[in-house]
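Residue numbers (our numbering): 7 to 284. We treat Cβ as the ideally placed atom computed from N, Cα and C, and that holds for glycine.
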Amino acid sequence: MTHTTEGGSRAGRRHLRPFGFAVLLLPLTLALAPVSVRAQEEECDEGHHHHIHFSHPIFTESVSPDDKVRLDWAGTFAEDEDEHEIEFEGEYTFADWFSIEVAAPYAFVSETGEETENAFGNLEVALKFANYAFEDRGVLLGYGVEFGLPTGDPDKGIGDDHIVEIEPFFNIGIKTGDLELVGWTRFGIPTNQDEGEEVETEFHYDAAALYHFNRRLQGLLELNGDVGLSGEEAGEGTVSLGPGVKFAPFFDNAFMVGIGASFPLDDSEVDAALRVSL
Numbered sequence: 007m008t009h010t011t012e013g014g015s016r017a018g019r020r021h022l023r024p025f026g027f028a029v030l031l032l033p034l035t036l037a038l039a040p041v042s043v044r045a046q047e048e049e050c051d052e053g054h055h056h057h058i059h060f061s062h063p064i065f066t067e068s069v070s071p072d073d074k075v076r077l078d079w080a081g082t083f084a085e086d087e088d089e090h091e092i093e094f095e096g097e098y099t100f101a102d103w104f105s106i107e108v109a110a111p112y113a114f115v116s117e118t119g120e121e122t123e124n125a126f127g128n129l130e131v132a133l134k135f136a137n138y139a140f141e142d143r144g145v146l147l148g149y150g151v152e153f154g155l156p157t158g159d160p161d162k163g164i165g166d167d168h169i170v171e172i173e174p175f176f177n178i179g180i181k182t183g184d185l186e187l188v189g190w191t192r193f194g195i196p197t198n199q200d201e202g203e204e205v206e207t208e209f210h211y212d213a214a215a216l217y218h219f220n221r222r223l224q225g226l227l228e229l230n231g232d233v234g235l236s237g238e239e240a241g242e243g244t245v246s247l248g249p250g251v252k253f254a255p256f257f258d259n260a261f262m263v264g265i266g267a268s269f270p271l272d273d274s275e276v277d278a279a280l281r282v283s284l
């Protein structure tokens, strides 16, 4: 759930009238789970345990279900507006193929010549499923759905107070030696709009390459982008690229510090984004 913030609200920019269509995506996603679950339970009964695991990038989400607590600071800098966000993220694995992740952001937005506004952003809850069918080849497949809950304050330009966003996603992780490659695709589908709100849906894509220099040092290169599928911003999008580094300050590499920067490759209003994770 390490989505780069742009103006404090993704959900506030989108609108889709057919609520039923979006809701149907949830049972469709969950319906796929029993197939994966049954296959993986059979493997566990045969004494097979899953060992493939992917490190968490900085701007991109992790592919593998994990038990973690993470605290992020993110800064987005533009010509006439800066935004700083503190996000607490927790994830718990109920099984090696399933986890629930929750992220709670608090944002500070300052426009040129205006007082700084601050408020909670949208609470994000994700159901993550993993498929280990190709684990022996170093490949992990994943899918799930994320919910953006309206806990923000749109009057301050942060989050939303009524739109519920449903975001199904698919991902893949490839691990070969000390190199990890991760790819994500996500579809943002807003629901519960007020009458007359603009219809805007989006497609997001993320990719990350992470290299383990040793047990305590990792280098990253990440690509993140989005494009409008419908509405006023249909066909318009942003794409950014940036380096990062993760290191373990102590001998126990269970505690990692990550620092990353992201720079637009287009004419985006955003000049740069920084993120620090603990």
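How about T268 and G248: do their beta carbons lie closer than 7 Å? Start at 1 with the first residue of the sequence shown, and residue 268 comes out as number 262. Start at 1 with the first residue of the sequence shown, and residue 248 comes out as number 242. Note that residue 268 is Ser in the sequence shown, not Thr. Yes, the Cβ-Cβ distance between S268 and G248 is below 7 Å.
Decide if the stretch 133-143 is in contact with the stretch 65-73; the criterion is three or more beta carbon pairs, one per stretch, under 8 Å apart. With the cut-off at 8 Å, the stretch 133-143 and the stretch 65-73 touch.
Own chain, CB closer than 6 Å to F126, minus 5 neighbours either side, in chain order: The sequence position of residue 126 within the sequence shown is 120, counting from 1. Same-chain partners within the cutoff: Y112 and T157.
Less than 6 Å between C-beta atoms, sequence neighbours within five positions excluded: which residues of the same chain meet that for L229? Working through the sequence shown from its first residue, we reach residue 229 at position 223. Contacts found: A213 and L247.
Taking the CB atoms as reference points, tell me whether V282 and W79 lie closer together than 7 Å. Mapped onto the sequence shown, residue 282 falls at position 276. Mapped onto the sequence shown, residue 79 falls at position 73. Yes, Cβ-Cβ distance for V282 and W79 is below 7 Å.
With a CB to CB cut of under 6 Å and the five nearest residues on each side skipped, what residues in its chain are close to G237? As a first step, residue 237 is located in the sequence shown; it is residue number 231 there, counting from the start. The residues are E204, V205 and E206.
Sorry if obvious, but does the Cβ on F153 come closer than 6 Å to a heavy atom of the ligand NAD? For the structure depicted, the ligand NAD is absent and the ligand set is empty, with no information on it obtainable.
CA-CA distance, R143 and F60? On the sequence shown, residue 143 is found 137 positions in, with the first residue counted as 1. On the sequence shown, residue 60 is found 54 positions in, with the first residue counted as 1. R143 and F60: Cα-Cα distance of roughly 14 Å.
Measure the alpha-carbon distance for L146 versus H62 and round it to whole angstroms. Your numbering for residue 146 matches position 140 in the sequence shown. Your numbering for residue 62 matches position 56 in the sequence shown. So the two alpha carbons sit approximately 14 Å from each other.
Give me, in chain order, the residues of the same chain whose beta-carbon lies closer than 6 Å to that of E123; leave out the 5 immediate sequence neighbours on both sides. If you number the sequence shown from 1, residue 123 lands on position 117. These residues qualify, in order along the chain: V115 and K162.
Closest to H57 by C-alpha separation, out of L227, L280 and A101, would be which residue? Your numbering for residue 57 matches position 51 in the sequence shown. Taking each of L227, L280 and A101 in turn and checking the Cα distance to H57, the smallest one comes out for A101.
Among D277, D88, I164 and Y211, which residue has its Cα nearest to the Cα of G234? Reading the sequence shown from its first residue, position 228 is the one you call residue 234. Out of D277, D88, I164 and Y211, Y211 has the C-alpha closest to the C-alpha of G234.
For N177, does the count of other Cβ atoms within 10 angstroms reach 16, so buried, or fall short, so exposed? Taking the sequence shown and counting its residues from 1, the one referred to as residue 177 is at position 171. With at least 16 other beta carbons inside 10 angstroms of its own, N177 counts as buried.
Beta-carbon spacing of Y149, D184 below 7 Å: Position 143 of the sequence shown, counted from the start, is the residue given in the question as residue 149. Position 178 of the sequence shown, counted from the start, is the residue given in the question as residue 184. Taking 7 Å as the cut-off, the beta carbon of Y149 is found no closer than this to the beta carbon of D184.
Could you have a look at D73 and say whether DSSP puts it in helix, strand or coil? As a working mapping, residue 73 is identified with position 67 in the sequence shown. Residue state, collapsed to three classes: coil.
H208 versus F257 - alpha carbon distance: Here residue 208 corresponds to residue number 202 of the sequence shown, with the count starting at 1. Here residue 257 corresponds to residue number 251 of the sequence shown, with the count starting at 1. In the sequence on display, residue 208 carries Glu and not His. So the two alpha carbons sit approximately 42 Å from each other.
On the DSSP bridge assignment, give the partners of I58 in chain order. Residue 58 sits at position 52 when you count from the first residue of the sequence shown. Paired residues: none, contrary to the question.
Which runs of the beta strand (DSSP E) spanning at least 3 residues fall entirely within the stretch 91-136, listed in chain order? Scanning the stretch 91-136 for uninterrupted beta strand (DSSP E) segments of 3 residues or longer gives 104-117 and 123-126, listed from N- to C-terminal end.
To the nearest angstrom, report how far apart I195 and F153 are at their CA atoms. Translated into the one-based positions of the sequence shown, residue 195 becomes position 189. Translated into the one-based positions of the sequence shown, residue 153 becomes position 147. Going by the C-alpha atoms only, they are around 10 Å apart.
Assigned exposure category for L226 - 16 Cβ within 10 Å defines buried: The sequence position of residue 226 within the sequence shown is 220, counting from 1. With 16 or more Cβ atoms within 10 Å of its Cβ, L226 is classed as buried.
Can you check DSSP and say which residues form a bridge with V197? Within the sequence shown, the letter at position 191 stands for residue 197. Just to set this straight, residue 197 is Thr in the shown sequence, not Val. V170.
Give the range of the beta strand (DSSP E) segment to which L216 is assigned. As a position in the sequence shown, residue 216 is number 210, starting the count at 1. Here the beta strand (DSSP E) through L216 covers T207 to N220.
In the DSSP assignment, what are the bridge partners of D159? Indexing the sequence shown from 1 puts residue 159 at position 153. Residue pairing of D159 in beta bridges, as defined by DSSP: I164.
If you check the beta carbons only, do V263 and P255 fall under 7 Å apart? Position 257 of the sequence shown, counted from the start, is the residue given in the question as residue 263. Position 249 of the sequence shown, counted from the start, is the residue given in the question as residue 255. Result yes, Cβ atoms of V263 and P255 sit closer than 7 Å.
Spatial neighbours of T66 within its chain, please: CB distance less than 8 Å, with the 5 preceding and 5 following residues excluded, ordered by chain position. Counted from its first residue, the sequence shown places residue 66 at position 60. Closer than 8 Å at Cβ, skipping near neighbours: T8, V188, W190, D212, A213, A214, E228 and N230.
Taking just the CA atoms, how far does E89 sit from A39? Within the sequence shown, residue 39 is the residue found at index 33, counting from 1. Within the sequence shown, residue 89 is the residue found at index 83, counting from 1. Any reading at A39 needs caution, since the residue's pLDDT is 44, under 50, leaving its predicted position unreliable; the model's value is listed next. In this structure, the straight-line span from the alpha carbon of A39 to that of E89 is close to 38 Å.
Top-ranked residue by Cα proximity to E107, from G81, E87, E130 and E120: What you label residue 107 is simply residue 101 of the sequence shown in a count that begins at 1. Nearest C-alpha to E107: E130.
E95 versus I64, F219, D277 and G241, residue with shortest Cα-Cα distance: Counted from its first residue, the sequence shown places residue 95 at position 89. I64 is the residue among I64, F219, D277 and G241 whose C-alpha sits nearest the C-alpha of E95.
If we ignore side chains and look at the alpha-carbon of each, how far apart do E120 and V276 end up? Position 114 of the sequence shown, counted from the first residue, corresponds to residue 120. Position 270 of the sequence shown, counted from the first residue, corresponds to residue 276. Approximately 18 Å between the Cα atoms of the pair.
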